[in-house]
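Numbering (the working numbering), first residue to last: 51 to 458.
Ideal placement from N, C-alpha and C gives every residue a C-beta, glycine not left out.
Notes for the one structure printed next.
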Ligand SMILES: *Cc1c(COP(=O)(O)O)cnc(C)c1O
């Protein structure tokens with residue numbers, strides 16, 4: 051492209067065309083961190099190259115950009131890393147975890163008459179998405195307990211088109227046997243989708259256990275700093291990846307360059323954060339288990355947990371995640387509020403997976419749209435608290451929990 055001589059331009063022209071040619075080169079220095087490409091549109095050297103770029107790639111096979119909704123360098127860099135981290139053929143990033151889940155379900159080719167078999171303890175908004183968006187189109191959704199030994203038989207019996215699960219359930223952190231469910235789904239020809247937000251590729255890579263699509267809310271552990279909202283779907287198959295890209299573009303659900311940049315920055319410390327959060331969570335679980343004000347602790351890292359053996363087999367690094375739940379002896383909402391209001395370090399908030407420790411109370415947060423008896427049937431009592439353990443010094447976390455548990 052010919053470089054224009056800007057010296058003759060009038061102010062109105064100059065202001066419009068000021069940044070087009072100002073690219074760094076090897077001579078001026080290459081930044082060590084990818085710049086944020088705040089550009090909605092991309093220039094090419096001639097019309098023929100623009101034609102290729104609008105098609106998505108150059109004749110060389112190299113990625114090319116034309117319009118940011120269809121793809122941008124920041125989102126693309128994040129997709130490359132996450133696809134590799136999850137052992138998939140590729141990934142597509144989205145503006146939120148929910149947008150990613152929506153696209154994953156669409157890519158699974160749900161049509162009137164098709165059936166989704168879903169674990170019953172799914173993230174609340176995922177349940178709402180299935181009920182409000184997919185069921186009205188004629189899709190049948192069956193929610194059932196997929197944590198027991200009869201899960202494979204249930205899949206064979208139901209013959210679903212899609213199996214949808216989460217690696218760890220919310221809030222009781224029940225673990226899905228990925229090998230069994232993945233194999234059973236494949237046997238009946240179902241597309242298998244797993245939400246792996248709670249485990250991250252540090253603890254388990256579901257594609258290696260036979261899953262087709264892995265989704266994450268990167269808002270949680272991946273970003274990790276409570277400053278970005280995003281989602282991703284990683285695919286084990288190229289055909290599904292193409293559909294995901296098409297839906298991301300068509301629904302306008304893409305991730306912005308700025309959010310992509312923040313998540314890329316967060317990812318640099320993912321394994322360090324996970325190590326610390328998992329180790330802290332195990333110590334906190336052991337502390338809570340012997341506390342006189344605590345009835346019960348749900349954490350698969352505890353040797354007495356019914357799924358401890360499965361967790362040891364499935365999760366890597368001898369670690370069990372940063373999330374746990376516990377039940378107060380005083381099984382009431384008043385006792386739970388009293389405990390939460392007395393915390394000084396752990397935050398009362400509606401997220402998880404951040405560097406700070408944080409508690410949530412499922413009856414007013416993730417499970418607020420259910421009745422008390424529906425919650426009871428899922429094992430969620432009125433004294434149940436979910437704790438996302440952060441990277442603080444573990445003694446400070448334990449001291450804070452202790453003083454809040456014993457305060458009058
Ligand atoms: C938060 C969360 C989601 C939704 O993600 P958003 O980024 O908030 O849209 C989905 N699944 C799980 C397990 C989550 O924790």
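For residue 148, the Cβ falls inside the 8 Å cut-off from some heavy atom of ligand 1. No heavy atom of ligand 1 is found nearer than 8 Å to the CB of residue 404.
Between ligand 1 and residue 270, a heavy atom-to-CB distance of less than 8 Å is present. Distance check between residue 225 and each of 249, 212, 237, 236 places 249 closest, using alpha-carbon atoms only.
Taking the Cα positions, residue 289 is about 29 Å away from residue 170. By the criterion of a C-beta distance shorter than 7 Å, residue 326 is surrounded in its chain by 441, once the five residues flanking it on both sides are discounted. Judged by DSSP secondary structure, residue 252 falls within the alpha helix (DSSP H) whose first and last residues are 250-253. Around the C-beta of residue 408, 16 or more other C-beta atoms lie within 10 Å, and the residue is accordingly described as buried.
The continuous beta strand (DSSP E) containing residue 243 extends over residues 241-245. For residue 323 against residue 439, the beta-carbon gap comes to about 11 Å, at or over 8 Å, which does not count as contact.
Residue 194 carries a strand assignment under DSSP once its states are collapsed to helix, strand and coil. Apart from sequence neighbours up to five positions away, the residues of its chain that approach residue 81 with a beta-carbon distance below 8 Å are 74, ordered along the chain.
One thing to note: residue 352 has its Cβ no nearer than 9 Å to the Cβ of residue 344. Counting only the Cα atoms, residue 194 lies some 10 Å from residue 205. A direct Cα-Cα distance of roughly 6 Å separates residue 286 from residue 263. DSSP places residue 265 within a strand segment (E or B) once states are collapsed to three. Rounded to the nearest angstrom, the gap between the Cα atoms of residue 368 and residue 330 is 13 Å. DSSP lists 193, 214 as the beta-bridge partner residues of residue 168.
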